[in-house]
Amino acid sequence: VNKEKAVDLYQLAADMGHAGATFNLAVCYKYGRGVSVNKKKAVELYQLAADKGHAGATFNLAVCYKYGRGVSVNKKKAVELYQLAADKGHAGATYNLAVCYEHGKGVSVNMEKAVELYQLAADKGDAGATFNLAVCYKRGEGVSVSKKRAVEL
1 VNKEKAVDLY QLAADMGHAG ATFNLAVCYK YGRGVSVNKK KAVELYQLAA DKGHAGATFN
61 LAVCYKYGRG VSVNKKKAVE LYQLAADKGH AGATYNLAVC YEHGKGVSVN MEKAVELYQL
121 AADKGDAGAT FNLAVCYKRG EGVSVSKKRA VEL
């Protein structure tokens, strides 16, 4: 695999407005695949792809803001971006948004909302969401205690 050639082709397609190529180029910069690691450049590219409606780019941009990768930490911005990606059907974003509501990261704690989001992410096949939802049922956090439901999950 010629990673440098891949970067050139991603750049060419990104220059033509292709959101997926812009996302892939951002990943190259984030991890240093075919280019030197440049997290600020990755953030710029994630933003461009997110602006074109790319759910994965929106999710990755949220992660950057949550952990301060290439940008300053901004948990509220991370929550906004997780919500945008979740609205586009991104299961990982839905799960991460639920975690934010459960632990009050960028939003006020709201266990009922967390449970609702864990259920949505679990319905999309997210294993972490399924586990956390089971814990909520076992402990009665955001829902009535139901050890039966916890075991079923």
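If you use UniProt numbering, the sequence shown corresponds to residues 1 to 153, in order.
The C-beta atom is built at its ideal place from N, Cα and C for all residues, glycine as well.
Short Cβ contact (7 Å threshold) for residue i with residue j
i, j, result
"THR58", "LEU81", "yes"
"LYS40", "GLY70", "yes"
"GLY34", "VAL1", "no"
"VAL135", "VAL115", "no"
"ALA42", "TYR29", "yes"
"LEU120", "LEU133", "no"
"ALA78", "ALA85", "no"
Contact set for residue i: own chain, Cβ-Cβ below 7 Å, skip 5 residues either direction
i, result
"LYS75", "LYS66, LYS105 and GLY106"
"GLY125", "ALA91"
"ARG149", "TYR137"
"ASN38", "TYR29"
"LYS147", "LYS138"
Own chain residues within Cβ distance below 6 Å of residue i, not counting five before or after
i, result
"THR22", "ALA14, LEU45, LEU48 and ALA49"
"ALA98", "ALA114, LEU117 and TYR118"
"LYS3", "ARG33 and GLY34"
Spatial neighbours of residue i in its chain, beta-carbon cut-off 8 Å, leaving aside the 5 residues before and after
i, result
"GLY17", "LYS52"
Boundaries (first-last residue) of the alpha helix (DSSP H) holding residue i
i, result
"ARG139", "127-139"
"VAL99", "91-103"
"ARG149", "147-152"
"ASN60", "55-67"
"LEU52", "The sequence shown places Lys at residue 52, rather than the Leu named in the question. Segment: none, LYS52 is in no alpha helix (DSSP H) and carries neither H nor E."
"LYS30", "19-31"
"MET111", "111-123"
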